[in-house]
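The block underneath contains the structure these notes are about, expressed in structure tokens.
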Amino acid sequence: MTSIFLYSMAGLALLISFFKDQEKSKMSLKIAWNQFVKLLPSVISIMLFIGITLAVLDNEVISKIIGDQSGILGVLIALVLGSVTLIPSFVAFPLGGALLNAGAGYPQVAALVSTVMAVGIVTLPTEMKYFTKSLAVKRNVAAFIICIIFTITIGVIM
Amino acid sequence: MIKIVKSYKWGIIFLLVMVGLYLYNQSLGIEAMSISLLNFKEMLLLVPPIFILMGLMEVWVPKETLTKYMGEGSGLKGLFIAFVLGTAAAGPLYIAFPIGVMLLKKGARLSNVLFFLGVWSTTKLPVLLFEVASFGLEFTLIHIGISLPLYLISAVLIERIENRNVTKLLNQDAAEKGV
Chain A
1 MTSIFLYSMA
11 GLALLISFFK
21 DQEKSKMSLK
31 IAWNQFVKLL
41 PSVISIMLFI
51 GITLAVLDNE
61 VISKIIGDQS
71 GILGVLIALV
81 LGSVTLIPSF
91 VAFPLGGALL
101 NAGAGYPQVA
111 ALVSTVMAVG
121 IVTLPTEMKY
131 FTKSLAVKRN
141 VAAFIICIIF
151 TITIGVIM
Chain B
1 MIKIVKSYKW
11 GIIFLLVMVG
21 LYLYNQSLGI
31 EAMSISLLNF
41 KEMLLLVPPI
51 FILMGLMEVW
61 VPKETLTKYM
71 GEGSGLKGLF
81 IAFVLGTAAA
91 GPLYIAFPIG
101 VMLLKKGARL
111 SNVLFFLGVW
121 STTKLPVLLF
131 EVASFGLEFT
141 LIHIGISLPL
151 YLISAVLIER
161 IENRNVTKLL
171 NQDAAEKGV
């Protein structure tokens with residue numbers, strides 16, 4: 001769904017651009033291609049890493065670690081696990097749902113889901129290449145603190 | 001050639017690990033590979049159109065315009081645009097890195113770019129719907145309600161701490177690399 005929408009948007013925009021100025025449009029495609037080639041090595045290593053991690057740590061193992069009655073320790077592990085790994089959202093959400101069904105608390109799930117999306121140790125080298133080391137580290141530290149605050153709030157309210 | 005091998009160093013290492021995993025336990029190795037391929041497919045569904053839109057933005061939006069709308073003194077307008085860009089997004093955060101750099105290069109304020117990254121990691125529209133379906137509306141609203149204001153505060157704080165020259169450095173750096 002999202003993909004169809006994005007492809008139609010990009011196609012339409014490109015079409016209009018080509019009508020207006022062919023040279024500029026070619027240049028924009030070249031920029032897009034260069035960016036893609038630049039990101040590709042990081043993406044491939046990240047994908048392979050996720051594949052290995054998720055194959056070894058399948059849902060059953062994860063449920064055991066941060067599932068039912070894992071308490072504060074479970075929350076801490078979920079925070080670390082979510083920060084290190086970069087699980088795509090189409091894996092993370094069903095996993096979170098499965099965890100809830102398996103008896104995990106909302107705080108564990110909140111910790112995992114929020115850090116998975118906002119904190120990335122695995123992607124940190126990539127982020128540093130784009131944004132300098134100091135900015136990348138600061139952003140991740142800030143995001144980690146924000147995820148902790150969110151997790152605590154969920155724990156208090158829900 | 002050496003340059004290519006160097007940039008794919010980690011990819012090659014992880015591929016070897018995966019082969020090792022396969023030799024150790026066949027089904028684990030196959031599962032690892034299929035998860036990677038599924039991920040890769042997901043990426044291919046999202047990244048090309050996003051990068052094409054980014055390329056078009058790069059050639060068609062003049063620097064003066066972007067500076068006016070997202071630069072110093074753009075105020076609430078700049079924040080709003082950062083919010084819209086981050087919400088309309090799809091895909092993992094690392095896709096947002098090149099976009100953020102492009103915005104900086106075009107004169108966007110650092111705090112606006114950092115807020116954009118924060119929004120991208122919390123309220124991407126497709127993920128948001130998924131989140132409501134998986135964990136309920138209350139959970140999702142708390143997630144947004146807590147995270148967004150905090151990302152805004154942290155964006156402003158980081159901009160204050162960081163030497164203002166960082167933006168300048170980034171611009172030069174980006175120009176050299178041909179970003």
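Each protein sequence line maps, in turn, to chains A and B. Note that the UniProt record's numbering has the first sequence beginning at 1, numbered continuously upward. Note that the UniProt record's numbering has the second sequence beginning at 1, numbered continuously upward. Even glycine gets a Cβ: it sits at the ideal position worked out from N, Cα and C. Just so you know, these numbers come straight off a predicted model, no measurement behind them.
8 Å contact criterion, which residue i and residue j should meet: CB distance rounded
i: M70 (chain B); j: L114 (chain B); result: Going by Cβ atoms, the distance from M70 (chain B) to L114 (chain B) rounds to 12 Å, so no, they are not a contact pair.
i: L21 (chain B); j: G11 (chain B); result: Rounded, the Cβ-Cβ distance is 15 Å, inconsistent with contact.
i: G71 (chain A); j: L99 (chain A); result: Not really, about 14 Å apart at Cβ, beyond 8 Å.
i: L95 (chain A); j: N59 (chain A); result: 6 Å
i: A90 (chain B); j: L6 (chain A); result: 6 Å
i: A102 (chain A); j: T151 (chain A); result: Contact doesn't hold; Cβ gap of about 18 Å is too wide.
i: Y94 (chain B); j: V119 (chain B); result: The Cβ separation is near 15 Å, so there is no contact.
Chain-ordered neighbours of residue i on chain B, where CB pairs are closer than 8 Å
i: L14 (chain A); result: I52 and L56
i: residue 161 (chain A); result: In the structure as shown, chain A starts at 1 and stops at 158, and residue 161 (chain A) therefore has no counterpart that could be examined.
i: G103 (chain A); result: Correct list: empty, because the minimum Cβ distance to chain B is about 15 Å.
i: G96 (chain A); result: S134 and F135
i: K138 (chain A); result: I158, I161 and E162
i: K24 (chain A); result: V59 and W60
Contact with chain A by residue i, beta-carbon distance below 7 Å
i: S154 (chain B); result: yes
i: N39 (chain B); result: yes
i: I2 (chain B); result: no
i: I158 (chain B); result: yes
i: V5 (chain B); result: no
i: E42 (chain B); result: yes
i: A108 (chain B); result: no
i: I142 (chain B); result: yes
i: V150 (chain B); result: Here residue 150 (chain B) is Leu; the residue named in the question, Val, does not match the sequence. It does: the Cβ of L150 (chain B) has a partner Cβ on chain A nearer than 7 Å.
i: L85 (chain B); result: no
i: V127 (chain B); result: yes
i: V101 (chain B); result: yes
Rounded C-alpha distance that separates residue i from residue j
i: P126 (chain B); j: M43 (chain B); result: 14 Å
i: residue 228 (chain B); j: K9 (chain B); result: Only positions 1 to 179 of chain B appear in the structure, and residue 228 (chain B) is not among them; the question remains open.
i: K77 (chain B); j: F83 (chain B); result: 10 Å
i: I149 (chain A); j: N112 (chain B); result: 22 Å
i: T153 (chain A); j: S25 (chain A); result: 48 Å
i: A32 (chain A); j: F40 (chain B); result: 18 Å
i: K124 (chain B); j: E58 (chain B); result: 22 Å
i: K20 (chain A); j: W60 (chain B); result: 10 Å
i: Y24 (chain B); j: M158 (chain A); result: 43 Å
i: V116 (chain A); j: L128 (chain B); result: 14 Å
i: E31 (chain B); j: F93 (chain A); result: 19 Å
i: I161 (chain B); j: I121 (chain A); result: 22 Å
i: E72 (chain B); j: S154 (chain B); result: 17 Å
i: G155 (chain A); j: Y106 (chain A); result: 7 Å
i: S8 (chain A); j: L56 (chain B); result: 14 Å
i: L117 (chain B); j: L79 (chain B); result: 12 Å
i: E159 (chain B); j: M47 (chain A); result: 32 Å
i: E64 (chain B); j: I16 (chain A); result: 22 Å
i: A108 (chain B); j: H143 (chain B); result: 27 Å
i: V80 (chain A); j: Q22 (chain A); result: 49 Å
i: L38 (chain B); j: L15 (chain B); result: 16 Å
i: residue 172 (chain A); j: L137 (chain B); result: Absent from the structure is residue 172 (chain A), since the part of chain A shown begins at 1 and ends at 158.
i: I62 (chain A); j: A133 (chain B); result: 21 Å
i: V137 (chain A); j: A118 (chain A); result: 13 Å
i: P98 (chain B); j: Q35 (chain A); result: 7 Å
i: L157 (chain B); j: T2 (chain A); result: 33 Å
i: V179 (chain B); j: K106 (chain B); result: At V179 (chain B), the pLDDT of 43 sits below 50, so the modelled position is not reliable; the number obtained from the coordinates is stated separately. Near 12 Å, if we compare the C-alpha coordinates of K106 (chain B) and V179 (chain B).
i: L39 (chain A); j: P125 (chain A); result: 12 Å
i: S7 (chain B); j: M128 (chain A); result: 15 Å
Minimum Cβ-Cβ distance from residue i to chain B less than 7 Å
i: T85 (chain A); result: no
i: I146 (chain A); result: yes
i: G82 (chain A); result: no
i: G74 (chain A); result: no
i: I44 (chain A); result: yes
i: E127 (chain A); result: yes
i: L124 (chain A); result: no
i: S70 (chain A); result: no
i: T153 (chain A); result: yes
i: A92 (chain A); result: no
Beta-carbon neighbours of residue i, restricted to chain B and to distances below 7 Å
i: S63 (chain A); result: Result: empty, since nearest Cβ-Cβ is about 15 Å, beyond 7 Å.
i: A32 (chain A); result: F51, I52, M54 and G55
i: I66 (chain A); result: Per Cβ cutoff of 7 Å: no residues; I66 (chain A) is ~15 Å from chain B at best.
7 Å Cβ cut-off: residues of chain A touching residue i
i: P62 (chain B); result: Those do not exist, as P62 (chain B) stays about 12 Å from chain A at its closest Cβ, beyond 7 Å.
i: A32 (chain B); result: G51, I52 and A55
i: F116 (chain B); result: Within 7 Å Cβ-Cβ: nothing; F116 (chain B) doesn't reach chain A, min ~11 Å.
i: G71 (chain B); result: The premise fails here: G71 (chain B) is roughly 18 Å from chain A at the closest Cβ pair, so nothing lies under 7 Å.
i: L45 (chain B); result: S3
i: L23 (chain B); result: Chain A residues near L23 (chain B): none, gap ~14 Å exceeds 7 Å.
Partner residues on chain A for residue i, Cβ-Cβ distance less than 9 Å
i: A82 (chain B); result: Simply none; closest approach about 14 Å.
Interface partners of residue i on chain B, CB under 9 Å
i: S17 (chain A); result: L56, V59 and W60
i: A78 (chain A); result: Within 9 Å Cβ-Cβ: nothing; A78 (chain A) doesn't reach chain B, min ~14 Å.
Chain-ordered neighbours of residue i on chain A, where CB pairs are closer than 8 Å
i: T123 (chain B); result: Going along chain A, no residue has its Cβ under 8 Å from T123 (chain B), so there is no contact; the nearest lies around 10 Å.
i: G11 (chain B); result: P41, I44, S45 and L48
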